[in-house]
Amino acid sequence: MMENETDQDQDSSARLYVPVNETDNINLIVKRSSSKEYCFSKFPGQDHFHLLMHGEIVVTNGHDLYCVDCAIRHGFLTRDRLNWQHRKR
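Right, here's the structure in full:
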């Protein structure tokens with residue numbers, strides 16, 4: 006079995022969704038350049054912005070760039086498949 010298949014079996018929450026109320030401003034891109042660009046958010050407990058890497062999936066919200074982990078923390082992405090049912094009205 007390949008390593009990627011093993012990782013996928015162990016993490017059944019690999020699917021991500023854009024919450025219904027966020028769909029107008031959110032785009033997903035693959036960073037194709039090696040230019041230095043940083044996530045718009047900091048990890049909790051850190052005092053610096055982290056570097057986005059070539060080939061990394063990046064979430065944009067307007068002109069702001071976010072790594073996937075920070076986008077989930079800020080609610081731009083979710084692992085909740087039924088997020089449209091759980092949204093606040």
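In this note's numbering, the protein residues as written are 6 to 94. Ideal Cβ positions, reconstructed from N, Cα and C, are used throughout, including at glycine. Values in this document were obtained by computation on a predicted structure and should not be read as measured data.
Residue from 72, 84, 83 with nearest C-alpha to residue 44: 72
Whose C-beta lies closer than 7 Å to the C-beta of residue 60 among residues of the same chain, with five residues either side of it excluded? Cβ contact annotation for residue 60 (same chain, cutoff 7 Å, sequence separation greater than five): 35, 36, in chain order.
Taking the CB atoms as reference points, tell me whether residue 21 and residue 87 lie closer together than 8 Å. no
Where the alpha helix (DSSP H) through residue 75 begins and ends: 73-78
7 Å Cβ shell around residue 62 - same chain, five flanking residues per side excluded: 33, 35, 73
So what does DSSP say about residue 82, is it helix, strand or coil? coil
Within 10 Å of its beta-carbon, does residue 76 have 16 or more other beta-carbons around it, so buried, or fewer, so exposed? buried
Range of the contiguous beta strand (DSSP E) that encloses residue 35: 31-35
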